[in-house]
Every structure is written in structure tokens, then in C-alpha cells.
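Take the sequence shown: its position 237, counted from the start at 1, is 236 in numbering that gives the first Met the number 0, and no numbers get skipped. By construction, the Cβ of each residue, glycine as well, lies at the ideal position given by its N, Cα and C atoms. None of the values given here were measured: they were computed from a predicted structure. Heads up: the structure comes next, in C-alpha cells.
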Amino acid sequence: MGIYLDACATTPARHSVLQKILEVEKNSWGNPSSLHTHGINAVEILEKSRFKIAKCLGVDISEIIFTSGATESNHLCLLGATASLTPGRVVISSVEHPSVTSAAKQLEHKGWEIVQWPVDIYGMIKLEFVDELLSPPTKLVSVVWGQSEIGTIQPVKFLAESCKRRNILFHTDATQMLLQGVVNCSEVSFDFLSLSAHKVLGPKGVGILIARDPKRHLIPIQGGGQQENGYRSGTPPVSLIAGTEVAISEIYDKNKISFAQNHPDIIKVKQLTEELKVELEKNKCIEFIGHPDKRLNNHLSFLVSTKTARPLSGRDVVKALSNHGVFASSGSACSSTHMPTSSTLFAMSIDEKWVNSSVRFSLGPWLTEQDINDVPKLLDQAIFSLSRVN
Ligand code: PMP
């Protein structure tokens, strides 16, 4: 697989996850809505998976809605939680994933005022705006927990409590947090939280929206067969959900919620990331961005230049690295093939001439010490090859 440094884009499913998916697809392939034996088999697997996931994350089974991914979870939350309210103000941070900003855009067309919470140069929301933004007519706030492009971790516990005190709904996109081993929902007083299985060595195609009180706060945004208690119609992919349960249990199970951060994979990845950072700090052609310590512990993001301090294109660096067997990312994974510039870096007031120069390394437990030792010199070679061309 080469040196895969793109965990924030996606992760390879664990062997145990793949085995589970195959087993369920072979033996329990029924539609969980069917009344016959095949349906009963499938619904048993589905509900067992829901039960185990709920236990791992510290929520009740009635709070879990399976979706197709975090993109759908974010849409279901923003559109579904506002559907029964008279339009007011929705506040999102200015460093949200495009799935949140595009759902917010849809709300704008329905008469909602959308305000983007400003961030500082580290991409951290500016807390001096709390009183101004968490005041009427704000009805919903959505702030990403761990930002995928720059790694900055936002103060979501504080925000969730601040919103609760003011009767404002609070949603956080926690997609990048599962692999950190820190998603213990009983510790954060959010109303909605989005997750995605493929960021935690699970399969692509499964997301979760945790909704605290869906009966009160959530209107479904698509009709159909009324699956997921009516909140998300469509036949659930039982085998993939069972695989998701295996992936989450691997890190969060064994009644060790508060010790999930001590999972050997998480410790290893954190250590490798720190080692790589120390080596990369010696490279004069890169400048780290994002918060220096309140950041995802598998994440390094930086701007790249030539030795003469001329900005290089992050996309060119990523392509050159790929030629050297190192697989990284520039900008957020989902936008890197479409959007030439990063709205996140703009929001952080990074000089315009540098906004296309970002590169992200996001690590996972598949990496070895040798991989990490090789990366600095391969990055050097990539930068050198581009410096000659440009
Ligand atoms: N939110 C964040 C913070 C993400 O990093 C991503 C994936 N890049 C998404 C949402 C979208 O997730 P999915 O691919 O599961 O739709």
C-alpha cells in the first residue's frame, strides 16, 4: 500500500471488519424489514450492532440513526432539526466540512440567516463571539469537533454547554474524532453528533447521526419505508453496519470507554505522528498550520515552498509524493479534486499566495517506524523535483 498518510480521507477496513461483512452478507443477507426468517436474522444482526455501538459510544440505542456517511448525517441534522422551526439564525463555524456548509446554504434558501463563526490563525473559533452568536435568533449551532484539513480541535464541550444553557440546539461533526478514541457521548451535552465508519478502519457507506431527542427535534428529510424509526428511510446495509460495529468495538469496547485513548493503535499513531513532526520541523521548506497542540493526534498540516521560499502548489506536492510512494492530501480530501482553493485557509486569514500550498499528512496504525523514517527524505525529493520544474 506504499506509505499511506491519508487517514483523514479514508482508512482501509480492518481484516476483522472485512470478515464480518462477508459473513453477514453470506449468512444473513435478508431485508431487516421482512417478516420471514431471513428478515428476522438480518434484524437481529442490525439491532445487535446498534446495541454494541451504543454501548461503546455511551448513548441509548434509540439515539442512533444509521445513514450512508457523515455527509448524510450532517444534512439530516441541519435540515431535519430546523424543519419544524420558524426560520431564525443558524451558526456554523467558518471551517466546516463542505457537507455542513452546503446544508446551511439550503437553509438560507428557506429563509434562515446563516452566520459563520470567525476563527483565529490556528483555525480555532474565536470565543469572544460567544455572547453575540449564542443569542436570539440563533436556534442551531454546528461546529466541527476535529477539523480534517488543519487538525484543530474545537472546544465542543464548552460550546455544547453554552448552547444548552441558552436553549439552542448544538450539533458537532465528530467524523475525525472516532480514530482519536475520545468519543464518549455521555461527557458532551450535544443534541446531535455525526460519525462515519470509514474513518475508523470500518467500511465506506455507513454513517451515524446520534440524536438525543429525535422525537422532539428531528423531522425526516426523505420518505420511504420508514426504517430507522422513520428518521431515515431506505434498506440499511446490515453487513456494513455489522462491520462498523466491529471497527468501533475494536477501539471502544471491553467496557473501557474512558481508556479508549490507551488503545495500542492510538498510542502508536500518536507517537509516530510526534516523531514525524520532529523530523519535519527541520525542513526549512515547510511551515506547520493549524493549532500547535489542540489538534488531532494523527494529523500534520503544513504549507510548502521551494528552498527560495516560493510557494509550491500543494496538489503538485501531493502528486510528486505519490510518484515516490507516499500518499497524502492537499486541502480537505473531499474537495481536493474539485476546489482549487481552501475556504478553511481563507477563514484563517492565511495570505492569499499561500492558500493553495497546504499539504496534510494523516497517519494510521498500518504505518511502521521505517515508513515514518522514510517520509522526510521522500518529501525533500518531491520538493526538489518541483523546485527544478517551476
Ligand atoms: N465531515 C468531516 C469532518 C470529514 O472529514 C468528512 C470526510 N472527509 C465528512 C464529514 C464526510 O464524511 P463521509 O465521507 O462519511 O460522507
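{"Query": "Any non-hydrogen atom of ligand 1 within 8 Å of C76 CB", "Result": "no"}
{"Query": "Cα-Cα separation, F360 to H37", "Result": "44 Å"}
{"Query": "Y3 and L366 closer than 9 Å at C-beta", "Result": "yes"}
{"Query": "Cβ-heavy atom distance, D5 to ligand 1, below 8 Å", "Result": "no"}
{"Query": "Rounded straight-line distance, which links the Cα of K125 to that of E131", "Result": "11 Å"}
{"Query": "Unbroken alpha helix (DSSP H) run spanning Q115, endpoints", "Result": "Not the alpha helix (DSSP H): Q115 falls in the beta strand (DSSP E), residues E112 to W116."}
{"Query": "Collapsed DSSP secondary structure at A332 in the structure displayed", "Result": "Reliability of the predicted coordinates at A332 is poor, the pLDDT of 45 falling under 50, and no value is obtained from them."}
{"Query": "Pair within 9 Å by beta-carbon distance, H403 and S48", "Result": "This structure does not reach residue 403, given that the chain is present from 0 up to 389, and the question cannot be answered."}
{"Query": "Exposure of L21, with buried meaning 16 or more beta-carbon neighbours within 10 Å", "Result": "exposed"}
{"Query": "A332 classed as buried or exposed, judged by whether at least 16 other C-beta atoms fall within 10 angstroms", "Result": "The pLDDT assigned to A332 is 45, lower than 50, so where the model puts this residue is not dependable, and the model offers no usable value."}
{"Query": "Status (buried if at least 16 other CB within 10 Å, exposed otherwise) for V374", "Result": "buried"}
{"Query": "L77 to Q115 span [Cα, whole Å]", "Result": "14 Å"}
{"Query": "At least three beta-carbon pairs within less than 8 Å, the stretch 52-65 to the stretch 204-211", "Result": "yes"}
{"Query": "Q380 versus F50 - alpha carbon distance", "Result": "49 Å"}
{"Query": "Cβ neighbour criterion (16 or more within 10 Å) applied to W111", "Result": "buried"}
{"Query": "Any non-hydrogen atom of ligand 3 closer than 8 Å to G29 Cβ", "Result": "Looking at this structure, you won't find ligand 3 anywhere; what it does contain is ligand 1."}
{"Query": "Close beta carbons around Q225, own chain, < 8 Å, minus the five adjacent residues each side", "Result": "S232"}
{"Query": "Local conformation of F360 per DSSP, three classes", "Result": "strand"}
{"Query": "Short Cβ contact (9 Å threshold) for I113 with I91", "Result": "yes"}
{"Query": "DSSP beta-bridge partners of L208", "Result": "I64 and S193"}
{"Query": "Nearest-angstrom Cβ-Cβ length linking S348 and I120, presumed shorter than 8 Å", "Result": "6 Å"}
{"Query": "Through-space distance from K198 to L177, alpha-carbon basis", "Result": "7 Å"}
{"Query": "Any 3 or more C-beta pairs closer than 8 Å across the stretch 317-329 and the stretch 266-276", "Result": "no"}
{"Query": "Cβ neighbour criterion (16 or more within 10 Å) applied to S335", "Result": "Note that S335 has pLDDT 49, beneath the 50 cutoff, so the model's placement of it is unreliable and no number is given."}
{"Query": "Expected contact under 8 Å - CB spacing of P31 and V245 to nearest Å", "Result": "That pair is no contact at about 18 Å."}
{"Query": "Three-state secondary structure (DSSP) of T36", "Result": "helix"}
{"Query": "Min CB distance A259 to chain C below 9 Å", "Result": "Of the chains in the structure shown, none is chain C; there is only one protein chain."}
{"Query": "Per DSSP, the bridge partner or partners of F326", "Result": "Y3"}
{"Query": "For W144 and N166, the rounded distance between their alpha carbons", "Result": "20 Å"}
{"Query": "C-beta atoms of A210 and D190 nearer than 9 Å", "Result": "yes"}
{"Query": "Buried or exposed (CB count within 10 angstroms, at least 16 for buried), D370", "Result": "buried"}
{"Query": "Sheet register partners of V140 (DSSP bridge)", "Result": "V90 and F169"}
{"Query": "Burial state of R13 (16 or more Cβ within 10 Å)", "Result": "buried"}
{"Query": "Heavy atom of ligand 1 within 8 Å of T70 beta-carbon", "Result": "yes"}
{"Query": "Check: S161 C-beta below 8 Å from any heavy atom of ligand 1", "Result": "no"}
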